[in-house]
Structures are given as C-alpha cells and as structure tokens.
Amino acid sequence: MKTLTEFIIEEQAKYPSASGNLTRLLNDLGIAAKFVNREVNRAGLTNVMGYNDEVNVQGEAQKKLDVYANEQFIAALRSGGECCAIASEEDEKIIAFDNDVSQSGKYVVAIDPLDGSSNIESNVSIGTVFSVYRRLSMVGKGRVEDLLQKGTEIVAAGYIIYGSSTMLVYTTGRGVNGFTLDPSVGLFIRSHPDMKYPEAGTIYSINESNSIYFPEAIREYLKYCHADDPETNRPYITRYIGSMVADFHRNLIKGGIFLYPGTMKNPSGKLRLLYECNPMAFIAEQAGGKASHGFGRILEIQPTDIHQRSPFFAGPTYMVEKIEEYMKEFSPDFGK
Ligand code: P6P
Numbered sequence: 002m003k004t005l006t007e008f009i010i011e012e013q014a015k016y017p018s019a020s021g022n023l024t025r026l027l028n029d030l031g032i033a034a035k036f037v038n039r040e041v042n043r044a045g046l047t048n049v050m051g052y053n054d055e056v057n058v059q060g061e062a063q064k065k066l067d068v069y070a071n072e073q074f075i076a077a078l079r080s081g082g083e084c085c086a087i088a089s090e091e092d093e094k095i096i097a098f099d100n101d102v103s104q105s106g107k108y109v110v111a112i113d114p115l116d117g118s119s120n121i122e123s124n125v126s127i128g129t130v131f132s133v134y135r136r137l138s139m140v141g142k143g144r145v146e147d148l149l150q151k152g153t154e155i156v157a158a159g160y161i162i163y164g165s166s167t168m169l170v171y172t173t174g175r176g177v178n179g180f181t182l183d184p185s186v187g188l189f190i191r192s193h194p195d196m197k198y199p200e201a202g203t204i205y206s207i208n209e210s211n212s213i214y215f216p217e218a219i220r221e222y223l224k225y226c227h228a229d230d231p232e233t234n235r236p237y238i239t240r241y242i243g244s245m246v247a248d249f250h251r252n253l254i255k256g257g258i259f260l261y262p263g264t265m266k267n268p269s270g271k272l273r274l275l276y277e278c279n280p281m282a283f284i285a286e287q288a289g290g291k292a293s294h295g296f297g298r299i300l301e302i303q304p305t306d307i308h309q310r311s312p313f314f315a316g317p318t319y320m321v322e323k324i325e326e327y328m329k330e331f332s333p334d335f336g337k
C-alpha cells in the first residue's frame, strides 16, 4: 500500500535536480481535494446545493460548490507557497498571489476547480482538472504570460473524480498513476499504477444532440461508429454523461474516445484549452493515447487567452487518428 505522498516523494527522488517544490505543490492540491470531496459528498445535506445567484466568466450560472472548490484550491496553493499564480475557470483574470512566500513560487497552475458542476443535483460524478507549469517570469508577481504556455510545457497534470469513490489521477511525464481516497483514514492510496488505454477501444463519447451543427467529418465519423464491423469492435458503444472528467476517466479505464468537436455555431467547441483540454491531453498521451484538435496535437496549441476553447478528441491513438483522417478528408478547412 502506497500513499499519494509516499509516491510523490519517491517520484521526486528520480529527478536528482528536484528540490521538492513540485512535491509540495502536488500535496497541496491533494489536501484541497479532500476538503472539496467532503463537501461534494454531502452536497444535498448542507445546503451547498443549488446556485449562488452569481454568473462566472463563462457566463455559466455558478453553483455554490463551484465557488467553494475554487476557494479551497486557491487557499491551498496560496498557503503552500510553491505556486505564484493561478488561471481558474471561475475567475476572469489570473490570480497572482501578492504575499512574499507565494511570489517566490516557481510554478503556476491552471485549474477547473469543479468541472461538470451542472450535474451536481443529479449526483453524477464531477471533477477537478489541473495542470502545472514552471513560471517564466523570474521575480515578482506571476504574470498571464506564465499561464499562456503550450501544453508541451506542462510539468504535471491531473484530475480528481468525485464519484462512487474519489480518485486522484496524475502524471509528471513518467506515466499515469491513480490514487483512491480511503475516507476512513483520509489518505489517497495508489490503486491504479501505470494507467494505459486498453489496446482496443469500444466506446465513443459525444453529445450527439449537436449533430446538425457538426462539420461533415464528424457526421461521417458517427456513421463509422455506428457501422457493423465486429473486427474493429463496431458498432461502438455510446456512453456520454456530460461530465468531462467522468467520461474521460471511464474511457481511459475501459477503452474509448472522448469527442467534443467544434460546431458550425461554435467552431472552437466548448472545452477550455488551459484547464480542460491541455491537462487531459497530457494524461491521454502519457497513457499511450493521443489528444487532437482535429488537425494536430492539442499540446502544441499556443494559447493567447486563458479562457480560450478548443475542439477536443482524446483516446487510444488509432481512434484519434481516425478522427484526424476524417477531418482531413471531409472538413479540411473547418475552423480555419
Ligand atoms: P454538453 C461540463 O459543463 C462540461 O464543461 C464538461 O464537463 C462536459 O464534458 C461538457 O461540458 C458537456 O457539454 O454541451 O454536452 O452539455
């Protein structure tokens, strides 16, 4: 039995130059996750359910748990002192800490504190998604440029899924490991070592109600998914719960592709690059899969805005490459 803290420290030992700062930052995130987990698990009981009459930067009605989760992760990172700035889905601008300790923090964090929160009332699994970068600015407060780095510069990425059990899944570029929270002792225990996509994918996850707005390539791909070809596990099984962390995690475990394409109405799609697409793309690649915007690697997009969106396809490599083939053949100019 290995706890998250033990594992992180062991991993640090593999990097001779490591000074422990990232170790402490990852632990800070793990601590915040436990507080969020406690509130998510009793959402229906302690009146944190429901909306707080605020609207976030996305124009989405904020739920009390969104705000609580945001506050928990910001507080943990501020007091931990390893992070100097945060880009959060819940805040229009970056949060650049101004206390001396945090200003010397070597890292910045992009985070969706509670993704899929519209599912809270229906008790569907929701999640936190984060990515960690080294800061580029040398001194003083963190800057937006520290957050506008390509996903290829990520030093750590992960998600927490608040589901039938609560899991923290993360990577620092040496494979993906999953830790299940044992609530009786409040420890994350390594339960899923070296997570990889299964060889054969059988699931596709997409909101098909948007079909009339999909580019031709996606409509053609859906016909491919529905076709009867047992040799390639088709027709694929459709599974979509509308909570990215839950859909992504299930497909990582069982083998399948997650799709959130751009549409004629929203060519950039819905998912945000910095704190949804990039961290999940890093994990997908570390799990032996691929993550694409339809024409290339998600991780190679140069961000220009902390809340920008991107089409997102992630899963076993051959499934994502099939999407890229279809985009090239049927919708080569989409979104350009
Ligand atoms: P749709 C949740 O709001 C979210 O950001 C992701 O968690 C999820 O994958 C997506 O939106 C669902 O969007 O348009 O299918 O409801």
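Convert by adding 1 to the 1-based position in the sequence shown; the result is the number in our numbering. We put the beta carbon where it would ideally sit given N, CA and C, even for glycine. The structure presented is a predicted model; accordingly, all values stated were derived computationally and were not measured.
Counting along the chain, the unbroken alpha helix (DSSP H) around Y319 starts and ends at 318–331.
Within 10 angstroms of the beta-carbon of Q303 lie fewer than 16 other beta-carbons, which makes it exposed. Shortest gap from the CB of G243 to any heavy atom of the ligand P6P: under 6 Å. Between the C-alpha atoms of M168 and Y225 there is a straight-line separation of about 33 Å.
One Cα belongs to Y134, the other to K291, and the distance between them is close to 20 Å.
Counting along the chain, the unbroken beta strand (DSSP E) around Y160 starts and ends at 157–163. Taking the Cα positions, T239 is about 9 Å away from G257. The closest heavy atom of the ligand P6P lies 6 Å or more from the beta carbon of N22. DSSP places Y198 in the coil class of the three-state scheme, outside both helix and strand.
Here the stretch 131–149 lies against the stretch 84–99, with 3 or more beta-carbon pairs under 8 Å apart. In this structure, the alpha-carbon of V125 lies about 33 Å from that of F335. With contacts defined by Cβ atoms closer than 7 Å, G295 and F189 do not form a contacting pair. For D116, the CB falls within less than 6 Å of some heavy atom of the ligand P6P. Separation of E200 and E286 (C-alpha to C-alpha, rounded to the nearest whole angstrom) is 14 Å. With a threshold of 16 other beta carbon atoms within 10 Å, M139 falls short and is exposed. As far as DSSP is concerned, I242 takes part in no beta bridge.
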